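Asker:
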Amino acid sequence: MFALSKKNNTMFLSKVIMVEQRYLALKDSPQFQRRIEYEDKNKYFSRYILTSYVMNAITFSLFSVLLNSVYFGEKNSASIASFGLIFYIYLFILGIYNSIVFLNSIYVNNIMSPLKSIPINVNVNVPFISWFIYNASSYIFIIIPSIIFFFLLKFDYQTIFLGLLFSFIVLLLSFIISSAIFIYGGQKAKKHSSIKNVIKILSLFIFLGVFYALLENPGIFSYITVYLNSLPYDVKYLIFPINLQYIIYLNYNAPLFLRLIEIIVSVVILIIFLFVYSKIRYRLYNILMTSEENSSTEIILSEIKSDKLYKGFIKKDIKSTFRKSQNLTYIFLPVLFTIPLFLEIGTGIFSSTLIILIYLTIFVSSFYSLFLLVIEGKGIEILNSLPVTKNQISYYKSIFGLIIFAVIAMVLIIISSLLIKNIGVIDIVEFIDVLLLFYIILYTNIKRLIKKVPAAASNLNYYSFGKYPLLPVFIISIIILTASIIPVLGISYILYHVVYYSLFSFISIDIIVNIILFIIIVLNKNFFKIRKSYK
Amino acid sequence: MSFIEIKDLYKRYGNTVALNGINLNIESGQIYGILGPNGSGKTTLLKIMSAILAPTTGEVYINGIKTYDDPDKIKNIIGYIPETPALYESLTPVEFFNFIGSVFHIDNKVLKQRVDAFTSALEITKYLNEFIGSLSFGTKQKVAIISSLIHDPELIIMDEGMNGLDPKASKIIKELLKSLTEKGKTVIFSTHIMEIAENVCDNISILYNGNIAGTGNLEALKNEAGSSNSDLEGIFLKLTGDEDLDNLLNSLRDTIK
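Protein chains in written order, with our numbering: chain B, 68 to 602; chain F, 466 to 722.
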């Protein structure tokens, strides 16, 4: 698409990678084809990437301003600092999520492989630079208002310096972790063993989940907090990353020498992460540059056997998901975000398993709506040429998602029951209830998203569904949840005043409401359609 | 009524006209070649015939069924082989054939018979349990061809389907296609290779800039081009306005100097 320039080719290639991902996602869409009739492709994509970036920056800034302005008005610097920590955690999670999607997309679409044949030195940092400059750096805007507010309250320049420095460090760390998952996930492996893949990816995510939980709420590990509090005043300001709010914000009263040490320690932390990155970047680069050559040579013996359509579909999805570590990361990534919930079972609003299950349902179904289509990748061209309707694809993909979710929900219920030391019929009823809700949400979202896929699409990646694909998905999930809960609340209110009310009856009514929603939203004549057999 | 009827078919991508009012009738039981230079609209035409793409205007009927009105029905009677083999790389060929078998509801015994027959004819039996991603381009192409034939389609549409095949496999596929047409099946394929088109096709249409530049059997094309002694390559060049290649080649040689 571009004429290669020798000057500044690192920046140039970084942009090419980003553009190519968008191009592969959009090239088959009629809107895009119409657009490039009267607009230069380069200019179109430059503007596309820039507007995405600016919109991200504006959204995150507004979000941050909205949350911080009350505390700024109250001159409550402690609350701004506490929110600051939450924003850093958010930045960290966004960084991981986004870099995994980014790396998988480059790998699956073989975007860097063609660069091997071009007589040009491809800088080993191109993937990171591309991700950071054109994508991740827009997330820093969630931190900036918080830093500015704090600065305006305390006039402490160190907040600005360390605030920005740690924004970079946190994003660098998230990229390192994603790269480690990507590399360790077995791109170079000569075996496709599904079980090994699952164990590897799962263990990485559990490790990551614990780390995330630790960041989100150090109180979970109360011994750490107790230990921290027992430390001398000076030391607890230096412990990364648990006390980020101290290092960045709440150190304005600290003695000068201590503040100097903090800056030195922060720079040392940066150097350590840069060192780790420098070690990992070559492997990452090699894998991305040779993505076309990395395929398993394993032999899988299976018999020739034709199944029912739904079975064939689900088997195909299970195999292509569990044999590819990139696809597995998509499956486990949403679960990662819910790991802290597992650790908070029985406390506060999470004293009821139902609340956690509903949270899990909304979160996982929304992400799966996108990811279950993204894992199709180039396979979308096959599906387009086969006599399978988009409705059928939505049904079968949703069943596949439901199977995985059922396992996750079951694990959560078992953990919850063990922690609360109470298991009963209500857990089974809750389980059935959230499965119904999950399927309705997943099906609705997949059906909506798949309509956006052009009939002649030859590729699907994360960017195929618009600039902000997750936002409408989440909104639809919340609408369906509301449609499910509101009637139940009404009926429960009447029951409470007239006869009787209990959580059991609440969930039972919800099941009935969900069954009605299932019939209205999911079932239609296509579901039972039996195709003519060609033998 | 012909097996395939194409009436006033237009396809536009924005301001670009990919197909500019195509009219074509194709009878069943023949191998029909679609020839044309790059960007002439071959792939677009084949995708519309396969009910993958919708036309901008115009109609395509296959066996009396309007393609985009009932794409599901059309796709059931078609075996489509794209330009580059579209396959699930983390499945083995057996698993992929099983998936195709499920989609077309093929009986287990029949599926096994057909897979055995095709894979041994195309000599890919030893690769059946390896991941498709690890196979060579030619082997992937063979897997794609088999997967498009195992449901015994009425119409086989190959978009440059001979790409990447070794001479032996190419010969086998040509013979296979001929025997399929003897049984009443119809094969439509696009190619750049004139020799294949000349040897295999009963009839040919030459597509140029979204228009039919010539159509019929070799004799009819010769008459249309007004060059009774030309081979298909000569006719092709004449009908697509590229006959004066010498000047172009001379200019190219000068550039290389």
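In this text, a Cβ means the ideal position worked out from N, Cα and C, and glycines have one as well.
Fair warning: this is a prediction, and the values are worked out from it, not measured in the lab.
Consider the Cβ of residue 610 of chain F: report whether some Cβ of chain B lies at a distance smaller than 8 Å.
Answerer: Residue 610 of chain F sits at position 145 when you count from the first residue of the second sequence. Contact with chain B is absent for residue 610 of chain F, since none of that chain's Cβ atoms lies less than 8 Å from the residue's Cβ.
Asker: Is residue 345 of chain B buried or exposed, if buried means 16 or more other CB atoms sit within 10 Å of its CB?
Answerer: Counted from its first residue, the first sequence places residue 345 of chain B at position 278. Exposed: under 16 other Cβ atoms inside 10 Å.
Asker: Please report whether the beta-carbon of residue 371 of chain B lies at a distance below 8 Å from any beta-carbon of chain F.
Answerer: Locating residue 371 of chain B in the first sequence gives position 304, counting from the first residue. Yes - at least one Cβ of chain F is within 8 Å of the one on residue 371 of chain B.
Asker: Is residue 587 of chain F closer than 8 Å to residue 611 of chain F when the C-beta atoms are compared?
Answerer: Locating residue 611 of chain F in the second sequence gives position 146, where the first residue counts as 1. Locating residue 587 of chain F in the second sequence gives position 122, where the first residue counts as 1. A contact, by the Cβ cut-off of 8 Å.
Asker: For a quick check, are the C-beta atoms of residue 432 of chain B and residue 557 of chain F less than 8 Å apart?
Answerer: Locating residue 432 of chain B in the first sequence gives position 365, counting from the first residue. Locating residue 557 of chain F in the second sequence gives position 92, counting from the first residue. With a cutoff of 8 Å on beta-carbon distance, residue 432 of chain B and residue 557 of chain F are scored as not near each other.
Asker: Return the first residue and the last residue of the alpha helix (DSSP H) that residue 86 of chain B is part of.
Answerer: Translated into positions along the first sequence, residue 86 of chain B becomes position 19. Here the alpha helix (DSSP H) through residue 86 of chain B covers 76 to 93.
Asker: If we count the other Cβ atoms within 10 Å of its Cβ and call it buried at 16 or more, is residue 89 of chain B buried or exposed?
Answerer: As a first step, residue 89 of chain B must be located in the first sequence, where it is residue number 22. Flag for residue 89 of chain B reads buried.
Asker: For a test of the three-state rule: what should DSSP assign to residue 490 of chain F, helix, strand or coil?
Answerer: Position 25 of the second sequence, counted from the start, is the residue given in the question as residue 490 of chain F. Residue state, collapsed to three classes: strand.
Asker: Going along chain F, which residues have a C-beta under 7 Å from residue 456 of chain B?
Answerer: Counted from its first residue, the first sequence places residue 456 of chain B at position 389. Ordered by position in chain F, the residues that pass the 7 Å Cβ test against residue 456 of chain B are 537.
Asker: Against chain B, does residue 520 of chain F count as a neighbour if the rule is that its beta carbon must be under 8 Å from one of theirs?
Answerer: Here residue 520 of chain F corresponds to residue number 55 of the second sequence, with the count starting at 1. Not one chain B Cβ lies under 8 Å of residue 520 of chain F.
Asker: Please check if any C-beta of chain B sits within less than 8 Å of the C-beta of residue 652 of chain F.
Answerer: Residue numbering aside, residue 652 of chain F sits at position 187 when the second sequence is read from its first letter. Not an interface residue.
Asker: Just checking, does the region 100 to 115 of chain B make contact with the region 212 to 230 of chain B on the three C-beta pairs under 8 Å criterion?
Answerer: no
Asker: Go ahead and label residue 83 of chain B buried or exposed: buried means 16 or more other beta carbons lie within 10 angstroms of its beta carbon, across all protein chains shown.
Answerer: Here the question's residue 83 of chain B lines up with position 16 in the first sequence. Under this definition residue 83 of chain B is a buried residue.
Asker: What is the rounded straight-line gap between the Cα of residue 551 of chain F and the Cα of residue 599 of chain F?
Answerer: Translated into positions along the second sequence, residue 551 of chain F becomes position 86. Translated into positions along the second sequence, residue 599 of chain F becomes position 134. Going from the Cα of residue 551 of chain F to the Cα of residue 599 of chain F covers about 14 Å.
Asker: Which one of F:520, F:534, F:500 and F:596 has the shortest CA to CA distance from residue 479 of chain F?
Answerer: Here residue 479 of chain F corresponds to residue number 14 of the second sequence, with the count starting at 1. Measuring C-alpha to C-alpha distances from residue 479 of chain F to each of F:520, F:534, F:500 and F:596 identifies F:520 as the nearest.
Asker: Using a Cβ-Cβ distance under 8 Å, would residue 390 of chain B count as near chain F?
Answerer: On the first sequence, residue 390 of chain B is found 323 positions in, with the first residue counted as 1. In terms of beta-carbon proximity, residue 390 of chain B lines the interface with chain F, with at least one pair separated by less than 8 Å.
Asker: Under DSSP, the beta strand (DSSP E) around residue 654 of chain F begins and ends at which residues?
Answerer: Taking the first residue of the second sequence as position 1, residue 654 of chain F is located at position 189. Unbroken beta strand (DSSP E) run through residue 654 of chain F: 651 to 656.
Asker: Contact criterion: CB-CB distance below 8 Å. Does residue 526 of chain F meet it with respect to chain B?
Answerer: Along the second sequence, read from residue 1 onward, the residue named residue 526 of chain F stands at position 61. Not an interface residue.
Asker: Mind checking which residues open and close the beta strand (DSSP E) that includes residue 678 of chain F?
Answerer: Within the second sequence, the letter at position 213 stands for residue 678 of chain F. Where residue 678 of chain F is concerned, the enclosing beta strand (DSSP E) stretches over 676 to 681.
Asker: Grab the span of the beta strand (DSSP E) containing residue 640 of chain F for me, first residue to last.
Answerer: Position 175 of the second sequence holds residue 640 of chain F. If you look at residue 640 of chain F, you'll find it isn't in any beta strand (DSSP E); it sits in the alpha helix (DSSP H) that goes 632 to 647.
Asker: Below 8 Å on the Cβ atoms is my contact criterion, and I expect residue 245 of chain B with residue 166 of chain B to pass it. Report the Cβ-Cβ distance as a whole number of Å.
Answerer: Within the first sequence, the letter at position 178 stands for residue 245 of chain B. Within the first sequence, the letter at position 99 stands for residue 166 of chain B. About 4 Å separates the two Cβ atoms, so the contact holds.
Asker: Which residues in the same chain have their Cβ closer than 8 Å to the Cβ of residue 135 of chain B, if we skip the five residues on either side of it in sequence?
Answerer: Along the first sequence, one-based indexing puts residue 135 of chain B at 68. Excluding sequence neighbours, residue 135 of chain B sits near 147, 150, 212, 213 and 216.
Asker: Can you pull out the residues from the region 551 to 573 of chain F whose beta carbon lies closer than 8 Å to at least one beta carbon of chain B?
Answerer: 551, 552, 553, 554, 555, 556, 557, 559, 560, 562, 563, 564, 565, 566, 567, 568, 569, 570, 571, 572 and 573
Asker: Let me confirm a value: residue 534 of chain B is counted as buried when at least 16 other C-beta atoms fall within 10 Å, else exposed. Which label applies?
Answerer: Mapped onto the first sequence, residue 534 of chain B falls at position 467. Residue 534 of chain B is exposed by the Cβ-count criterion.
Asker: Quick one: does residue 183 of chain B have its CB under 8 Å from some CB of chain F?
Answerer: Residue numbering aside, residue 183 of chain B sits at position 116 when the first sequence is read from its first letter. Under the Cβ criterion of 8 Å, residue 183 of chain B is not counted among the residues facing chain F.
Asker: Can you find the residues in the same chain that come closer than 7 Å, C-beta to C-beta, to residue 319 of chain B, ignoring five residues on each side of it along the sequence?
Answerer: Reading the first sequence from its first residue, position 252 is the one you call residue 319 of chain B. So the list reads 221 and 223, once near-sequence residues are dropped.
Asker: Out of curiosity, what's the CA-to-CA distance linking residue 573 of chain F and residue 615 of chain F?
Answerer: If you number the second sequence from 1, residue 573 of chain F lands on position 108. If you number the second sequence from 1, residue 615 of chain F lands on position 150. One C-alpha to the other measures close to 12 Å.
Asker: At the level of alpha carbons, what is the spacing between residue 703 of chain F and residue 484 of chain F?
Answerer: Numbered from its first residue, the second sequence carries residue 703 of chain F at position 238. Numbered from its first residue, the second sequence carries residue 484 of chain F at position 19. The alpha-carbon atoms of residue 703 of chain F and residue 484 of chain F are separated by roughly 20 Å.
Asker: Sorted by chain position, which residues of the same chain lie with C-beta nearer than 6 Å to residue 626 of chain F's C-beta, five sequence neighbours on each side aside?
Answerer: For this step, residue 626 of chain F is matched to residue 161 along the second sequence. Same-chain partners within the cutoff: 546 and 654.
Asker: Determine whether the Cβ of residue 475 of chain F lies closer than 8 Å to any Cβ atom of chain B.
Answerer: Counting from 1 along the second sequence, the entry for residue 475 of chain F is found at position 10. Closer than 8 Å: no.
Asker: I need the straight-line Cα distance from residue 595 of chain F to residue 564 of chain F, nearest angstrom please.
Answerer: Residue mapping note: residue 595 of chain F aligns to position 130 of the second sequence, counting from 1. Residue mapping note: residue 564 of chain F aligns to position 99 of the second sequence, counting from 1. The straight-line gap from Cα to Cα measures roughly 16 Å.
Asker: Distance cutoff 8 Å, beta carbons only. Does residue 255 of chain B sit that close to anything in chain F?
Answerer: Stepping through the first sequence from its first residue, residue 255 of chain B is reached at position 188. Below a pLDDT of 50, predicted positions are generally treated as unreliable, and residue 255 of chain B, at 45, falls in that range; the measurement from the model is reported next regardless. Cβ-Cβ to chain F under 8 Å: no for residue 255 of chain B.
Asker: List, in chain order, every chain F residue whose beta-carbon is nearer than 9 Å to that of residue 107 of chain B.
Answerer: Residue 107 of chain B sits at position 40 when you count from the first residue of the first sequence. Here the premise fails: no neighbours, minimum Cβ distance about 14 Å.
Asker: By the criterion of Cβ-Cβ separation under 9 Å, what are the contact partners of residue 485 of chain F in chain B?
Answerer: If you number the second sequence from 1, residue 485 of chain F lands on position 20. Within 9 Å Cβ-Cβ: nothing; residue 485 of chain F doesn't reach chain B, min ~16 Å.
Asker: Taking C-beta pairs closer than 8 Å, name the residues in chain F that residue 451 of chain B reaches, listed in chain order.
Answerer: In the first sequence, counting from the first residue as 1, residue 451 of chain B sits at position 384. Residues of chain F passing the Cβ test: 517.
Asker: Reducing DSSP to helix, strand and coil, say where residue 206 of chain B ends up.
Answerer: Mapped onto the first sequence, residue 206 of chain B falls at position 139. The answer is helix: DSSP assigns residue 206 of chain B an H, G or I state.
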